[in-house]
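Below: one structure, written as structure tokens.
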Amino acid sequence: MKLLEHVQKHVATTSLLPAIARNPPLIQHIIATNQNLPEIAPTSMYEYVYGSNGTFVRAKRQGLEAIAPVSYYKAKGLKAISASVQMTYPAVPLMLVEQMLQASCIACDGNNKPVEIVFHLYFENGNWHLAIPEQEQTATSCKPLDNSANSTYSKAIVEIHSHHGMKANFSETDNRDETGFRIYGVIGEIFSKPQIRMRVGIYGHFYEVATTGILELPAQLTDCLEEDW
Ligand SMILES: [Zn+2]
């Protein structure tokens, strides 16, 4: 019996190791000891980093690298981690942000009632592009229909949707829908005092960020985060 257990264990171990080497896990866990953190592995979808001040999550894609807090605690002997969001492209130009605001103001249903609208901003051939994807729209939701690999959804580094007259706060629906890795924004109170709130989303983890360096804001559009502070 003992021999059988040994054989089973041995077989399991030897067959497991090469499989991990061939297919490293999409989610990595890294304990931040006092050396410098390793680069994000190119095979990782995202990585949890455990530091002296909490658990953080990080991810990298072309044009965007982010590390965001998941939960805070104190753990002695580890390195402190700082949140950061780095977009390597220039800020989205004013003209495109103004176009989004205008399109948000005229988005309405058959009864002329305002509906939500979602926009995709992606960087291609040296320029930012604004796309209004085919979408399902209601007074309280908007959802792009195409999430395939070549869609503007997949290419979007920034996704912004409008809450028209309502406040620019991310809703529970937004939390459920915004499951990718990109910068998400919500525009609100667009008919009175337009405001925008942004956050980086890392596969269901969120961290609010200022628009600075991400969007060029027209004078009439307020960044909620600056107002909150
Ligand atoms: Zn929303």
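Terminal number for the sequence shown in the numbering used here: 232, no gaps in between.
Backbone N, C-alpha and C define an ideal beta-carbon position, used for all residues, glycine too.
All values derive from a computational prediction rather than experimental measurement.
- Message: Could you check if V189 belongs to the surroundings of ligand 1, using beta carbon to heavy atom distance under 7 Å?
- Response: In the sequence shown, the residue the question calls residue 189 occupies position 186. Within the cutoff, so yes.
- Can you find at least 3 beta carbon pairs, one from the stretch 160 to 176 and one from the stretch 75 to 88, that sit closer than 8 Å? no
- Query: At which residues does the alpha helix (DSSP H) containing M98 begin and terminate?
  - Reply: Start at 1 with the first residue of the sequence shown, and residue 98 comes out as number 95. Segment L97 to I109, the alpha helix (DSSP H) holding M98.
- Considering only heavy atoms of ligand 1, list every residue whose Cβ is less than 5 Å from one of them, following chain order. S174 and D177
- With a threshold of 16 other CB atoms inside 10 Å of the CB of Y75, please say whether the residue is buried or exposed. Position 72 of the sequence shown, counted from the first residue, corresponds to residue 75. Under this definition Y75 is an exposed residue.
- Query: Going by alpha carbons, who is nearest to Q102 out of L133, E119 and C111?
  - Reply: For the purposes of this step, residue 102 is taken as the residue at position 99 of the sequence shown. If we check each option's Cα against that of Q102, L133 comes out closest.
- In angstroms with no decimal places, state the Cα-to-Cα distance between K82 and L104. Here residue 82 refers to the residue found at position 79 of the sequence shown. Here residue 104 refers to the residue found at position 101 of the sequence shown. Each residue's alpha carbon lies about 42 Å from the other.
- Message: Closer than 8 Å is the cut-off here; do at least three beta carbon pairs connect the stretch 115 to 130 with the stretch 143 to 155?
- Response: yes
- Message: To test your reading of the DSSP string, which unbroken alpha helix (DSSP H) runs of 4 or more residues are found completely within the stretch 143 to 211?
- Response: 155 to 158 and 175 to 180
- Task: Count the other C-beta atoms from every protein chain shown that fall within 10 angstroms of the C-beta of M98, then say buried if there are 16 or more, exposed otherwise.
- Result: Your numbering for residue 98 matches position 95 in the sequence shown. The residue is exposed, with fewer than 16 neighbouring Cβ atoms inside 10 Å.
- Secondary structure of E137, DSSP reduced to three states: Counted from its first residue, the sequence shown places residue 137 at position 134. Residue state, collapsed to three classes: coil.
- Among I193, V52 and V212, which one has its Cα closest to the Cα of L40? To locate residue 40, count along the sequence shown from 1; it is residue 37. Considering only alpha carbons, the answer is V52.
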